[in-house]
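S.K.:
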Amino acid sequence: MRKLLQTLLNIPCYIRSCGFAAALLSAAVAAMVYFVFWSNNAVFYRDENGTRLEILPEMSLEELLVHFEVEPEPTDTVVYTGYVGKVAEITLLKAKEITILADGVERTMNVYGGTVGQALAAANIDIDSDDLVSKKLWKQVNDGDYIIVTRMEYSLTYEEVEVPFETNVRYTSLMRNGRTRMLSSGVDGVRMLTYMNVTMDGEILSTELISDDVIRAPVAKETLVGKAGVPVSPLVFEEYPVVNNVPVKYEYLISEGVATGYSAPPGAGTLGGWKAAPGYVAVNYEKIPLGTKMYITSADGKFVYGYAIAADSGSALMSGYGTVDLFYSTYIESVLNGYRRLNIYILETP
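Letter by letter, the sequence shown follows residues 143 to 492 in the working numbering.
Here is the structure:
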């Protein structure tokens, strides 16, 4: 082989052309390289430090490990492909010992690289979005890692709480002194309490009230008690004080006017735009204009409707039946009013 190379190198001495000499030299080098690769093999060795490639004669795995100066630990794994054509690959997987604490169990295991998430999957430990892991799932595992999985659970509980009804007594001059009439018997309400429960590894960590909603409002127990002279209307016109059941000033008096009573569902409106409520009464607006301020009472003062505003009307009133229709908050009170003869003091017309 050495003689062949020497002969090739001496050829330029006999040939005067430099170009021809260079061509022959290149061909010789190529031939040498081809010969070296044809008689040897490419061996790739990989470990955690990177990849090495060497051109070697065919060897056993044990010889190759000695050549690469590798002494695997008992826990390491060597992956060897053997010679495929002229190429062989050796991969050394170094074992990394990690410990995982999950569900009250501590387990130590060997892994060969990968992420924390992959290590948990290899240990058959399922993780959901509520659980806490002491290391990021995408982090690469390191030898000696201690990974803690904390099971977190969030749940809602509900509790119904009774809301006791109130007891109200309302005095009225619709009845004789001391007489009573129940308007409503009273019904307890219900509140719904919603709690957020936080559980850590099966132990309740905290319970927090997050909402308190009334799902059924209580209905008060309401009783009417008769008491002479107590006004029905809550309205007060301070510019028209009343002395001995008679306003100190007024425009005119409708004596012995006919007064009936009515009620309406909560939130009902009136012709004049007011909400229907005690103190806002219906009239014949052709005789008593809407918005007129009045004071309504019996002649003896035992029944007092009180201050009122002409706010509504009705077909019976417009037909001439009755002078005023008094509004009450309950149907029972409107029935108790019945048909009364009352003094209607017109205090102020619009």
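Even for Gly, the Cβ is constructed at its ideal location relative to N, Cα and C.
(1) Indicate the three-state DSSP secondary structure (helix, strand or coil) for Ile-474 in the structure shown.
(2) How many angstroms separate the CA atom of Thr-314 from the CA atom of Thr-365?
(3) Between which two residues does the alpha helix (DSSP H) harbouring Ile-205 extend?
(4) CB-CB under 8 Å to Pro-389, same chain, minus the five flanking residues each way: which ones, in chain order?
(5) Please state whether the Cβ-Cβ distance between Gly-259 and Leu-279 is less than 8 Å.
(6) Is Asn-183 helix, strand or coil by DSSP?
(7) Runs of 3 residues minimum, wholly inside the segment 271-332: which ones carry the beta strand (DSSP E) assignment?
(8) Answer yes or no: do Gly-433 and Gly-368 have a C-beta to C-beta separation smaller than 8 Å?
(9) Residues bridged to Thr-233 by DSSP?
(10) What residue from Gly-464, Phe-186 and Thr-322 has the CA that sits closest to Glu-231's CA?
(11) Would you call the segment 327-334 and the segment 350-360 in contact, with 3 or more CB pairs under 8 Å?
(12) Going straight from the alpha carbon of His-209 to that of Asn-191, what length do you get?
(13) Taking the CB atoms as reference points, tell me whether Leu-413 and Asp-467 lie closer together than 8 Å.
(14) Identify whether Ala-261 lies in helix, strand or coil by the three-state DSSP scheme.
(15) I need the DSSP call for Thr-491, collapsed to helix, strand or coil.
(16) Throw me the rounded Cβ distance for the Val-400 and Arg-323 pair, which I believe falls under 8 Å.
(17) Can you name, in chain order, every residue of its own chain whose Cβ lies under 6 Å from the Cβ of Phe-445, other than the five neighbours on each side?
M.R.: Let me lay it out:
(1) Ile-474 carries a helical assignment under DSSP once its states are collapsed to helix, strand and coil.
(2) In this structure, the CA atom of Thr-314 is about 10 Å from the CA atom of Thr-365.
(3) The residue you asked about is not Ile; residue 205 is Glu in the sequence shown. 203-209 is the span of the alpha helix (DSSP H), which, as asked, contains Glu-205.
(4) Excluding sequence neighbours, Pro-389 sits near Tyr-382, Pro-383, Tyr-437, Tyr-487 and Leu-489.
(5) Contact flag set, yes.
(6) Three-state result, Asn-183: strand.
(7) Runs of beta strand (DSSP E) with 3 or more residues, each lying fully within the segment 271-332, are found at 288-292, 294-305, 309-314 and 322-326, listed in chain order.
(8) No. Outside cutoff.
(9) DSSP lists Arg-188 and Val-221 as the beta-bridge partner residues of Thr-233.
(10) The shortest Cα separation from Glu-231 among Gly-464, Phe-186 and Thr-322 belongs to Phe-186.
(11) The segment 327-334, when compared against the segment 350-360, does touch it at the 8 Å Cβ threshold.
(12) Approximately 17 Å, taken between the alpha carbons.
(13) It is not a contact, given that the beta carbons lie outside the stated cut-off.
(14) If DSSP states are grouped into helix, strand and coil, Ala-261 belongs with the helices.
(15) The answer is coil: DSSP assigns Thr-491 none of H, G, I, E or B.
(16) Incorrect: roughly 24 Å between the Cβ atoms, too far for contact.
(17) By the criterion of a C-beta distance shorter than 6 Å, Phe-445 is surrounded in its chain by Ser-315, once the five residues flanking it on both sides are discounted.
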